[in-house]
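The structure under discussion appears below in the form of C-alpha cells.
Following this line, the structure appears as C-alpha cells:
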C-alpha cells in the first residue's frame, strides 16, 4: 500500500520532513553533512526528482545495482550499505538498508504521536488467533482497538476486516498511521518472521510484545532453526523501555526470551500457561468435540470460560490473550466475556455445522507446528474415526503429499489428499475418482466421528463461489456435500423439498 503522492512533487500527500542523521545516528555521510528526506522509494522505476533512493537488498535483487539509474532520474539522496559512485549526489551509508528502509517508513508515514499503544504478537503458531482474541477482550473493556493481521485489518471506524496483505514495513507504517488517525487507543499487530526479517518494527516503540511459542518453521526462508529463532527474538528490540513482554511459559524456549528481556529492558514480564505457574493460567474443566470449558485464573480471580473450538492450542492462545489483557488491567469478567464472544477467527480453525451427526472442523495451518497441535487434540477427543481431507496444494506446502499423509496418519484413521479440480466442469477422470472416494468416506461418517478439512477458506471480502471455477476451495466442496446430504429444517418445522 503506497500512500498517495502530490502529482507535482512526488512527495507523500501527508507532508513530512526527516533528517537522516537523526534517524540513522551511526550512518556516514558523503558529499553532504546530512540528507533531508521529503519522499523516498526503493523501486528505481518509481523514483522521482527529490526522492531519497534506498538501495535495499533481497534474495532476487540488489538495489545498489540501480543507484546510477536513480541518480539519473533525479534522486536527491542515496541510502546504501557501501560506498558507491553517486556523481555528487549525497550518499548515506548504513549497515543495513532493510533496517533503514523500515526506520524511514515509520518516520515518514507512520505514527505521529504517542497516543496509540502498539501490541505486537509473534510466534511460530497461534499469532492470528491470539491477535483477534486480544482485540476482542480489549474491545469488551471499552477500548478503541485496531487490528493488523493476516486475517484482515480493522481501524476504529471499520465494521468488517479489510483484506490487505502486509508484506512490507511501509505498508505496516501506513496502517499504524491509519489506526492512529481513526481514533484507536490500542493496535494489536501480528508480526510474522518474514516481517521481522525485514526489520518491520524498526522505529516503533511497542507498548507490549507477546510471543506465542517458538518451534521449527519457515526453514526454507531462514535456513536453520537457530536463525529462525534469532529473527523471532528481534521482537524484543521493538519493546519500549516501560513496556511489557508477555510469553507462553509452557514453551520451554520462553525462559531464554524472558532472561534476555530482563537484561536489555526495564519493563514488566507477564506469563501465561496451562501446565505451569504463570501470571494467568487455566485448567481444562471439560473438553469434548463440542467445545471446552476452562477455569481461568488471573488477578486472584477464578472465572469459567467456554470456547467453541476444543483444541489445546486454542486454549493456550486464549490464556495468552488474557495475560495481555491483564497487563492493561482488564477485569477477569470482561476477559471471560471477550474470549467467549469472539466465536471463531476467519481463516483459522472453525466449526462447521450443517445438521450432520458427526463433527466437522475447517482449518488452514500455516506450518507443521500448528497442524500437529490440531491433529493431536482432535485425535484424543474423537471417540470414533478422525478423517482428514486436505487440498493437494496445501499438502505440497507442508512438506509434500507423502510426508503429509505419513504425519497425519499418527492421529487419523484416514487421510485423503484432494486434487483441485474435483468440482470443475473440466474435471478429469482422476478428479472424478477423487470425488468418488471423498463421497464414499463422507457417507461412512457417523456420530462420534470427526472430520477435519484443511485448505483454503473464503476470504473476508470474497463473493459467492463460481461453480465453473477450476479451483473451488475444498471447504466449499464439503459444505455443498453436507447441505445436500442434510436438508435444513424450514421456519415452519418441515423440510425443504426439491420441486
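Residue numbers (our numbering): 4 to 502. Using N, Cα and C, we set each Cβ at its ideal position, and we do this for glycine too.
For residue 313, the closest of 301, 384, 262 by C-alpha to C-alpha distance is 384. Apart from sequence neighbours up to five positions away, the residues of its chain that approach residue 137 with a beta-carbon distance below 6 Å are 191, 324, 327, ordered along the chain. Look at the beta carbons and you see the segment 226 to 242 touching the segment 256 to 270: at least three pairs across the two are nearer than 8 Å. Listed in chain order, the non-local C-beta contacts of residue 37 below 6 Å within the same chain comprise 22, 24, local neighbours out to five positions each way being set aside. The C-alpha of residue 395 lies about 15 Å from the C-alpha of residue 431. Under DSSP, residue 420 shares a beta bridge with 393. Of the residues 428, 114, 59, the one whose Cα lies closest to the Cα of residue 95 is 59. Following the DSSP letters along the chain, one finds residue 480 in no beta strand (DSSP E) but inside the alpha helix (DSSP H) bounded by residues 477 to 488. The closest CA to that of residue 358, considering only 335, 387, 449, is found on 449. In the DSSP assignment, residue 320 falls within the alpha helix (DSSP H) that extends over 315 to 330. In terms of CA proximity to residue 62, 197 leads the group 421, 173, 275, 197. Rounded to the nearest whole angstrom, the C-alpha separation of residue 89 and residue 228 is 39 Å.
With a 10 Å radius around the Cβ and a threshold of 16 neighbouring Cβ atoms, residue 456 comes out buried.
Put simply, the segment 296 to 306 touches the segment 334 to 346. At least three CB pairs are less than 8 Å apart. In its chain, beyond the 5 residues on either side, 128 have a beta carbon closer than 6 Å to the beta carbon of residue 373.
Residue range 257 to 267 is occupied by the alpha helix (DSSP H) that includes residue 266. Contact between residue 297 and residue 283 does not hold, since the beta-carbon distance rounds to 11 Å and is not under 8 Å.
With respect to the 9 Å criterion, residue 349 and residue 155 are classified as neighbours on the basis of their beta carbons. By the Cβ criterion, the segment 50 to 57 is in contact with the segment 76 to 86, since at least three pairs of Cβ atoms, one from each stretch, lie closer than 8 Å. Excluding the 5 residues flanking it on each side, residue 275 has same chain C-beta neighbours closer than 6 Å at 251, 281, 283, 322, 323, 326, in chain order. Counting every other CB atom within 10 Å of its CB across the protein chains shown gives residue 153 a total of 16 or more, marking it as buried.
The DSSP-derived three-state label of residue 143 is helix. Membership of residue 85 in any alpha helix (DSSP H) is not indicated, and neither H nor E is assigned to it by DSSP. As the crow flies, the alpha-carbon of residue 114 is around 15 Å from that of residue 150. Between residue 292 and residue 453, the gap from beta carbon to beta carbon is short of 9 Å. Taking one beta carbon from each stretch, the segment 167 to 186 and the segment 103 to 114 have 3 or more pairs nearer than 8 Å; the two touch.
A Cβ-Cβ separation of about 5 Å places residue 193 in contact with residue 134 under the 8 Å criterion.
DSSP assignment within the segment 35 to 110 yields the following whole alpha helix (DSSP H) runs of 4 residues or more, N-terminal first: 70 to 75. Looking at the DSSP output, residue 295 shares a beta bridge with 290, 310. The Cβ neighbour count for residue 257, taken over all protein chains shown within 10 Å, is at least 16; the residue is labelled buried. 9 Å or more divides the Cβ of residue 64 from the Cβ of residue 202.
Less than 9 Å divides the Cβ of residue 382 from the Cβ of residue 414.
Residues of the same chain with a CB within less than 6 Å of the CB of residue 126, apart from the 5 flanking positions on each side, are 214, 215, 216 in chain order. Listed as beta-bridge partners of residue 33 by DSSP are 94. Cβ atoms of residue 352 and residue 366 come within 8 Å of each other, at about 4 Å. Note that the C-beta distance between residue 218 and residue 108 is not below 9 Å.
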